[in-house]
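Worksheet: one structure, shown below.
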Amino acid sequence: VFSKLIICRIIIRYFHTATNRRATKAATLQAWVRADKEGTIIEKPGMYKLAYNNQYIEFTVGSQTLKTSKKLKDYASSAQFVHLSAVASATHLIVYINGKAVAEAKRTAQITGNDNKVVIGEGFIGAIDEVRIWNKALNADTLANDYDRYIVGNEDGLQAYYTFDYSVDNAFYDISYKG
Numbered sequence: 009v010f011s012k013l014i015i016c017r018i019i020i021r022y023f024h025t026a027t028n029r030r031a032t033k034a035a036t037l038q039a040w041v042r043a044d045k046e047g048t049i050i051e052k053p054g055m056y057k058l059a060y061n062n063q064y065i066e067f068t069v070g071s072q073t074l075k076t077s078k079k080l081k082d083y084a085s086s087a088q089f090v091h092l093s094a095v096a097s098a099t100h101l102i103v104y105i106n107g108k109a110v111a112e113a114k115r116t117a118q119i120t121g122n123d124n125k126v127v128i129g130e131g132f133i134g135a136i137d138e139v140r141i142w143n144k145a146l147n148a149d150t151l152a153n154d155y156d157r158y159i160v161g162n163e164d165g166l167q168a169y170y171t172f173d174y175s176v177d178n179a180f181y182d183i184s185y186k187g
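Offset between the sequence shown (1-based) and the working numbering: plus 8.
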C-alpha cells in the first residue's frame with residue numbers, strides 16, 4: 009500500500025552542509041512514480057535531475073544526460089507505479105526501473121556543489137511517492153533488494169527520505185534523520 013502520494017509541486021532544502029561537496033562525486037535518486045504528464049521528478053538544479061520527458065526517463069548529471077531506450081509505458085502501464093533509481097557513480101550513470109538496470113553510460117560530466125533547493129514534481133502530473141536521495145552510488149544488489157521496501161531512515165549516505173506518510177498543511181517531513 010502506498011502512502012499519501014505527492015501530486016503537487018514541492019520545494020525542499022537539503023545538502024546545505026559539507027554533504028553538498030561529497031554529493032558531487034556520487035549520488036542516487038529514487039522514487040515511486042506513476043506518470044500522467046511529463047515533468048521533473050527530482051532535481052537539484054545545476055547538479056542532478058531525474059525527469060519524465062517525451063515519454064522517456066532522463067537522468068541528468070551536470071551537463072550529461074542519460075535517457076532510457078524505451079518509453080516508460082514499455083515498462084508498465086500508465087495506471088501502474090514504477091520504481092525509478094538514478095545512480096551517478098564516479099565513473100557511470102545508470103537508470104534502474106523496478107530494480108533492473110535499463111540504461112547506462114560512462115560518466116563524462118563534472119559537477120560542482122551548490123546551495124540550490126531540491127525540487128520534486130515541478131511540471132509533473134501524476135503521483136510521486138517514497139523519494140530517497142543519497143550522497144553515494146547504490147550498487148545493483150542493494151537496489152534490487154531494497155527498492156520495494158521501506159527503509160529505516162538512518163542508512164549510511166541517506167540524505168533525504170520522504171515517505172509522504174506524515175504531512176501538516178502540505179508540509180512533508182524528511183525522516184532520514186539528516187534533514
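All residues carry an ideal CB built from backbone N, CA and C; glycine is no exception.
Reference phenylalanine 132; option with closest CA among Ala84, Lys52, Val41 and Ala113: Answer by Cα proximity: Val41.
Please state if the CB of glutamine 38 and the CB of arginine 115 are separated by a distance shorter than 7 angstroms. Glutamine 38 sits away from arginine 115, with the two beta carbons spaced by 7 angstroms or more.
If I measure Cβ to Cβ from glutamate 46 and keep anything under 6 angstroms in the same chain, skipping five residues before and after, which residues do I get? Closer than 6 angstroms at Cβ, skipping near neighbours: Tyr60 and Asn61.
Is the region 147 to 160 touching the region 57 to 76, taking contact as three or more C-beta pairs under 8 angstroms? Output reads no: the region 57 to 76 does not touch the region 147 to 160.
So, at 8 angstroms on beta carbons, what are the nonlocal neighbours of threonine 99 in its own chain, with the 5 sequence-adjacent residues on each side left out? The answer, listed in chain order, is Lys114 and Arg115.
Could I get the ranges of all uninterrupted beta strand (DSSP E) runs contained in the region 97 to 141, with 3 residues as the minimum, in chain order? Correct list: 100 to 105, 108 to 114 and 126 to 128.
Taking the alpha carbon of aspartate 137 as the reference point, which residue from Ala34, Ala43, Ala35 and Thr36 has its own alpha carbon closest? With respect to the C-alpha of aspartate 137, the residue from Ala34, Ala43, Ala35 and Thr36 having the closest C-alpha is Ala43.
Starting from phenylalanine 67, follow its DSSP beta bridges and name the residues at the other end. Residue pairing from DSSP places phenylalanine 67 in a beta bridge opposite Leu58 and Leu74.
Helix, strand or coil for alanine 87, going by three-state DSSP, please let me know. When secondary structure is reduced to three states using DSSP, alanine 87 falls in the coil class, being assigned neither helix nor strand.
If distances are taken between C-alpha atoms only, which option among Ser93, Ile105 and Leu101 comes closest to lysine 79? Ranking the options by Cα distance to lysine 79, first place goes to Ile105.
Could you check which residue in Phe89, Lys52, Trp142 and Asp154 has the C-alpha nearest to that of alanine 34? The candidate whose alpha carbon is nearest that of alanine 34 is Trp142.
Spatial neighbours of isoleucine 15 within its chain, please: C-beta separation below 7 angstroms, excluding the five flanking residues on both sides. Unreliable placement is indicated for isoleucine 15, whose pLDDT of 45 sits below 50; the coordinate value is still reported in the next sentence. Excluding sequence neighbours, isoleucine 15 sits near Ala135.
Within 10 angstroms of the Cβ of lysine 57, are there 16 or more other Cβ atoms? Answer buried if so, exposed if not. Counting Cβ neighbours within 10 Å, lysine 57 comes out buried, since at least 16 surround it.
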